[in-house]
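This report refers to the structure that appears directly beneath it.
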Amino acid sequence: MITTITLNAAVDKSYYMNDFKLDKVNRVKELLAVPGGKGINVAKVAHTLGAQVVASGFLGGVNGQFIHQSLQQLGIISDFAWVKGNSRETIAIIEAGGSSQTELLEPGPIIDEEAQYKLENKISELSNGSKVVSFSGSIPRGLPYNIYTRLIQIAKKHGAITILDTSGSYLSHGLEGKPDICKPNLEELEQCLGYRPNGKYEVVKAAKQLIDKGIKLVIVSMDKEGALAVTNQSAWSISPPHIKVKNTVGCGDSMVAAIAYYLDRLVSPPTEEDIEKALRLGTATAASNALHQIAGSIQLDEVNYFTSMVTLKKL
C-alpha cells in the first residue's frame, strides 16, 4: 500500500474565460473543480497506475468534504485528520488558448497542537501497513517548521520507504528526518546547500552532499534538460521524451507517484536495475501528465508508450 500525505490540501478551481480584465466584471466561460495539493496528485496518479492508495493529511470544512468525497469517488481511500476551519482553495484564471494564467493561492486553515497530534497517530497507523509513504507540498499555518522531520521519523519507525517533495525551509528541515528519497529542483537544491551548482557534474556533486546526510536517492529536476538521479553508488542523467507540453503542473508529483508505485511492488530491497526502471517509469508518467490540462491526470497507454522513449545515461 502507498500512503500520501498532503498537509495543505486544496480544492483546485480553474476559471476558463475568453478575456480576463482587471477592474472589470469578468464572466467565467467554464469552471472546473478537482481535489488538489501535491500529495493528492501523487495519490491520483499512483491509483491510476494500479496501486492501492490511502490519501491522508489535514482536511476541514465544506472544501474538505468536497475533497474527501471526490477522492472516494475516484476509488482512493481518504483517511485524513479533520481540523477546524476550511481547507483552502487555489484558483487559476485561464484565458482562451492558454495565453495567460493567473493563480490565487489561499493559505489554508490554522492547525493546532491537538490536530497535529491526531495526524501523527494516524500516520503511525497508516505507515504500519504501507510499503511507501510520501510527503508532498506546502505546510499550513500553525505547524512547526520541522514538522516533516517528525512525520518522516514516524513513518520510518514502521519500516516504510519515505519520499519527501517540498521546498524552501520545509525541505531543508525535512531532510533532517533522512527520507529515503527526495526530489528537489535546482532552485531548491540551492536553498538547501547555499549555492547554485552549474552543469551536470556539479549538480551530481551537490546531490552527493545530501546522500552523505543519509538520503538514499536524490532526484534533481532540471526543467527542459530532464533530471539527474544520484545514489551512493551511481548517478544518471535522465532525458524525457520529446512532446508538446500542455501543462507542467503535477509532473513532479507524477514522477513521485510512479516511483512509489514501482517500489511498492518490489518484494526485496531495490537493486540498481530497479532504481533505473523506477526512474524510467517516473519520467514516462510525468510526460503523460504534461499532455493533460488537469494536474495528476495520466493515461496508461501514454505511459507505456513513453517508457521506451526515456533515455538514462550513467554518469
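My numbering numbers the first residue of the sequence shown as 79 and each following residue consecutively. Built from N, CA and C at the ideal position, the CB exists for glycine as well. No experiment lies behind these values; they were computed from the predicted model shown.
Quick one: residues in its chain with C-beta nearer than 6 Å to the C-beta of residue i, no 5 flanking neighbours on either side, listed in chain order?
i	result
ALA336	LEU359, GLY360 and THR363
ALA313	VAL282 and LEU393
LYS391	SER315
TYR223	SER247 and HIS251
The beta strand (DSSP E) spanning residue i covers which residue range?
i	result
ILE239	239–243
MET95	88–95
VAL308	305–308
LEU109	108–114
LEU390	389–392
ILE80	80–84
Using the C-alpha atoms, what's the distance from residue j back to residue i?
i	j	result
THR349	LYS107	51 Å
TYR339	ALA305	19 Å
GLY135	ALA159	6 Å
ILE230	ILE259	11 Å
ALA87	SER216	9 Å
HIS146	GLY237	27 Å
LEU137	VAL161	6 Å
SER78	ALA373	For residue 78 there is no data in the structure shown, the boundaries of the chain being 79 and 393.
ILE289	GLU266	15 Å
ALA430	VAL103	The structure shown has nothing for residue 430, since the chain only spans 79 to 393.
SER386	GLU354	12 Å
ALA319	GLY330	With the sequence shown as reference, residue 319 is identified as Pro, and Ala is not the correct amino acid for it. Distance between the alpha carbons of PRO319 and GLY330: 15 Å.
PHE98	ALA174	9 Å
TYR403	GLU192	For the chain, the structure presents residues 79 to 393; residue 403 sits outside this window and is missing.
ASN276	PRO257	25 Å
Do residue j and residue i have their beta-carbon atoms positioned less than 8 Å apart in this structure?
i	j	result
SER212	THR326	no
ASP90	THR180	no
PRO218	GLY255	no
ILE316	VAL388	yes
ILE171	ALA121	no
LEU357	ALA307	yes
ASP379	VAL210	no
CYS270	SER250	yes
ILE376	SER332	yes
MET79	GLN130	yes
GLY220	ILE239	no
LEU264	GLY252	no
SER208	GLY117	no
GLY246	ASN119	no
SER202	ILE232	yes
Is any non-hydrogen atom of the ligand ZN found closer than 7 Å to the C-beta of residue i, if you look at the structure I gave you?
i	result
ILE171	The model depicted lacks the ligand ZN and carries no ligand whatsoever.
Keeping to the same chain, check which residues put their C-beta closer than 7 Å to that of residue i; ignore five residues upstream and five downstream.
i	result
ILE321	ALA365, ALA368 and LEU369
LEU344	ASP352
ARG105	MET95
THR227	HIS251, GLY252, GLU254 and GLY255
LEU100	none
Leaving out five residues on either side along the sequence, give the residues of the same chain with a beta carbon under 8 Å from the beta carbon of residue i.
i	result
ASP157	VAL132, ALA133, SER134, LYS200 and LEU204
ASN141	ALA88, VAL89, ASN164, SER165, ARG166 and GLU167
VAL323	ALA368 and LEU369
Got a sec, what are the start and stop residues for the alpha helix (DSSP H) residue i sits in?
i	result
LYS355	350–368
PHE98	No alpha helix (DSSP H) holds PHE98; DSSP gives it neither H nor E.
VAL132	That residue, VAL132, is in no alpha helix (DSSP H); its beta strand (DSSP E) goes 131–137.
SER250	246–252
LEU378	378–385
| said: Give the list of continuous beta strand (DSSP E) stretches no shorter than 3 residues that lie fully inside the region 255–334. | reply: 295–299, 305–308 and 313–317
| In chain order, each beta strand (DSSP E) run of at least 3 residues that lies wholly inside the region 159–227 | 166–173, 179–183 and 210–214
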